[in-house]
Amino acid sequence: MVPTLDAATVRRWCSACVDALDYHREEIDDLNVFPVPDGDTGTNLLLTLRGSADAVRRELSADAAGTVAAMARGALLAARGNSGVIVSQVLRGLAEGLSAAGSRPGGAALADGLGRAVTLAYDAVAEPVEGTVLTVLTQAAAGGAGAGDDLREVAAAASAAAVEALERTPEQLPALARAGVVDAGGRGLVVLLDALAGTLLGRSGVHPPATRQPRDTRALERTREAGSEAFGYEVTYLLDADPGAVGRLRADLLGLGDSLVVVGSGDGLWKVHVHVNDVGAAIETGVRAGHVEDISVTRFRDQIEAGRSGAWSGRAVVAVAPGEGLGELFEAEGVRVVTGGPTSHPSTAQVLDAIRGTAAAEVVLLPNHGNVAAVANAAAAQARHGGQDVAVVPTRSPVQGLAAVAVSDRERRFTDDVIAMAEAAAATRWAEVTVAVRDAMTSAGRCRAGDVLGLAEGDVVLIGPALPQLCCDLVDRLLLSGGEMVTLVVGSQAPAGLDDALTAHLKRAHPVVETVLYQGGQPHYPLLLGIE
512 MVPTLDAATV RRWCSACVDA LDYHREEIDD LNVFPVPDGD TGTNLLLTLR GSADAVRREL
572 SADAAGTVAA MARGALLAAR GNSGVIVSQV LRGLAEGLSA AGSRPGGAAL ADGLGRAVTL
632 AYDAVAEPVE GTVLTVLTQA AAGGAGAGDD LREVAAAASA AAVEALERTP EQLPALARAG
692 VVDAGGRGLV VLLDALAGTL LGRSGVHPPA TRQPRDTRAL ERTREAGSEA FGYEVTYLLD
752 ADPGAVGRLR ADLLGLGDSL VVVGSGDGLW KVHVHVNDVG AAIETGVRAG HVEDISVTRF
812 RDQIEAGRSG AWSGRAVVAV APGEGLGELF EAEGVRVVTG GPTSHPSTAQ VLDAIRGTAA
872 AEVVLLPNHG NVAAVANAAA AQARHGGQDV AVVPTRSPVQ GLAAVAVSDR ERRFTDDVIA
932 MAEAAAATRW AEVTVAVRDA MTSAGRCRAG DVLGLAEGDV VLIGPALPQL CCDLVDRLLL
992 SGGEMVTLVV GSQAPAGLDD ALTAHLKRAH PVVETVLYQG GQPHYPLLLG IE
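Residue numbering for the sequence shown follows the working numbering, starting at 512 and increasing by one per position.
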């Protein structure tokens, strides 16, 4: 008999949840009509609860409430998909209910926790839909509330009520009825509640699979979780922000997409989930609200295609290039190009599309600009989830990217090739010339709108009135530190004759230095420089 809940029992329950979800993952994935026919709800829930298990292993609290709180926070940090985010709130509600009951929580505390979980889960979803995990949770809480104070009876009653509610979900959500399935997220919750009842009763095992199985795959493809087929991407991230900023974030994200879920840990950390078409805008909305990390982007179409296609194979390089000429240079070397410039950096979705479009098992990604680094890392992380091995070489200029591509050798081991490319990029000093658009104070002094600026590795080092002369002065300055080869990439806004003037200057002032000239066509930067 387990009259009260203790930390050891919670730990056994957490372990049982992971085992049960691991066993039923494929079944729940197959039930998942949202957002693709080979859905991922079972996988998302398993990954979410594994996060709980990792947190519990690190938790030293001796009471049940603290251990469930650790489960909740671990789930929040690891939450995948809409259902994973909601389950993190179920665990948070349980933790609050147990905490309020003191050191010996019984059945009433468990029922109270389920009631709190209902409130938190509905508050988290911007536009709640019945016939989903929310409905199953509501009925589970109602079942537990009427079962008295015996811990085992409350858990068993909540589990049984959840099973009954799950069977009725097709009557509430037409998309489920059309596809002939019950709600996948609700099925996952049934697994978790049954694992709790089984732990308290000293038994293992879970309820058998739901009797309905997917039939109409076309209906599956037409449906989105709590949203519409109008949006092609799922975006999730962790956000550290104040509640007031989160309120504004909710409003802004609702204007961008649907299936919005925003949940908090109670200490300023939030998990954000939304379906959108403009991935960059969704991420930027989070950046305006606070500190964003652990960004994940999923393109629904890729989930369908990945389920129908074979394994990734081969190796590829993907590079961001700001101009037509630069793009052609990279493409001539067999590189897949993502177009993006100083004022129009590519989105995470665009970079991710390019990575997946290579169909390669191993991909080297060259962002070629400091402001593209975060997008590149987010796209790479998501591509890794899809089974591709992606390495980001932190190039900050296209000239570094060209240097990296020049040493690439696909006959080498992948890690060795990445190291060689990174070393070549790091050994390339880079600079750029642009024109100031406003008065400002720089590291080289005050500039006026229309002044020509020479930047070395991101810092302004020269200011002048004449572009050709400043370009020559910048080359001279860089070569003071030595160099055997200068790469000149002329932009679309360069004055006529700039290339001739520069090559003549280098031949006269630095006759032993090799010069390579390209017409890059990049906007806003009349000249890019690389020194090797």
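The C-beta atom is built at its ideal place from N, Cα and C for all residues, glycine as well.
Inclusion of Gly-836 and Gly-1031 in the CB contact set at 9 Å is warranted, their separation being smaller than that value.
Its chain contains Cys-525, Met-582, Gly-585 and Ala-586 as the residues whose beta carbon lies nearer than 6 Å to that of Ser-563, once the 5 sequence neighbours on both sides are disregarded; these appear in chain order.
Across the structure, Val-903 and Thr-520 are spaced so that their CA atoms are roughly 43 Å apart. Of the candidates Asn-593, Asp-551, Gly-604 and Leu-966, the residue whose Cα lies closest to the Cα of Ala-576 is Gly-604. In its chain, beyond the 5 residues on either side, Gly-654, Gly-655 and Ala-658 have a beta carbon closer than 6 Å to the beta carbon of Ala-668. Counting along the chain, Ser-610 sits inside the alpha helix (DSSP H) bounded by residues 592-611. In the displayed model, Gly-956 falls within a strand according to three-state DSSP. Val-1023 sits in coil when the DSSP states are folded into three classes, being neither helix nor strand. Counting the other CB atoms within 10 Å of its CB gives Val-798 a total below 16, which places it among the exposed residues. Looking at the DSSP output, Ile-866 shares a beta bridge with no other residue. In this structure, Leu-1017 is the residue among Tyr-748, Gln-1033, Val-886 and Leu-1017 with its C-alpha nearest to the C-alpha of Ile-1042. The C-alpha of Gly-898 is placed about 7 Å away from the C-alpha of Trp-823. Under the 10 Å beta carbon count, Leu-765 is surrounded by fewer than 16 other beta carbons and is classified as exposed.
Taking a 10 Å sphere around the C-beta of Pro-1037, we find 16 or more other C-beta atoms and assign the residue as buried. Using a 10 angstroms sphere on the CB of Asn-882, the tally of other CB atoms stays under 16, which defines it as exposed. Going by DSSP, Glu-943 is part of no alpha helix (DSSP H) but of the beta strand (DSSP E) stretching over 940-946.
For Val-674, the enclosing alpha helix (DSSP H) starts and ends at 662-683.
In this structure, Val-647 sits near Ala-676, with a CB-CB distance shorter than 9 Å. With contacts defined as CB atoms closer than 9 Å, Leu-711 and Leu-588 fail to qualify as a contacting pair. Measuring C-alpha to C-alpha distances from Arg-924 to each of Asn-888, Val-874, Gly-969 and Gly-961 identifies Val-874 as the nearest. The alpha-carbon separation between Arg-714 and Gly-608 amounts to approximately 25 Å.
A straight-line Cα-Cα distance of about 20 Å links Thr-869 and Ser-807. Per the DSSP secondary-structure output, Val-874 pairs in a beta bridge with Ala-827 and Val-901. In terms of Cα proximity to Gly-777, the closest of Thr-945, Leu-750 and Val-746 is Leu-750. Of the residues Ala-860, Gly-965, Asp-987 and Asp-970, the one whose Cα lies closest to the Cα of Ala-977 is Gly-965. Take Asp-661, set aside five residues on each side of it, and the residues of its chain with a beta-carbon closer than 7 Å to its own are Gly-618, in chain order.
For Ala-690, the closest C-alpha among the options Pro-1034, Ala-917 and Leu-542 is that of Leu-542.
Rounded to the nearest whole angstrom, the CA to CA distance from Ser-954 to Val-971 is 6 Å.
Here the region 785-795 makes no contact with the region 823-834; the two share fewer than three CB pairs at distances below 8 Å. A distance below 6 Å between beta-carbons, with the five flanking residues on each side excluded, links Val-1027 to the following residues of its chain, in chain order: Thr-998.
Per DSSP, the unbroken alpha helix (DSSP H) holding Val-579 starts and ends at 575-589.
Taking the Cβ atoms as the reference, Gly-553 lies roughly 7 Å from Ala-695, within the contact range of under 8 Å. Boundaries of the beta strand (DSSP E) around Gly-768: 768-775.
Taking C-beta separations shorter than 6 Å and ignoring five residues to either side along the sequence, the partners of Val-772 in its chain run Asn-593, Val-596, Ala-635, Val-636 and His-784, following chain order. For Ser-563, there is no enclosing beta strand (DSSP E); the residue is found in the alpha helix (DSSP H) stretching over 552-569.
Burial is judged here by how many other beta carbons sit within 10 angstroms of a residue's own beta carbon; Glu-745 has at least 16 and is buried.
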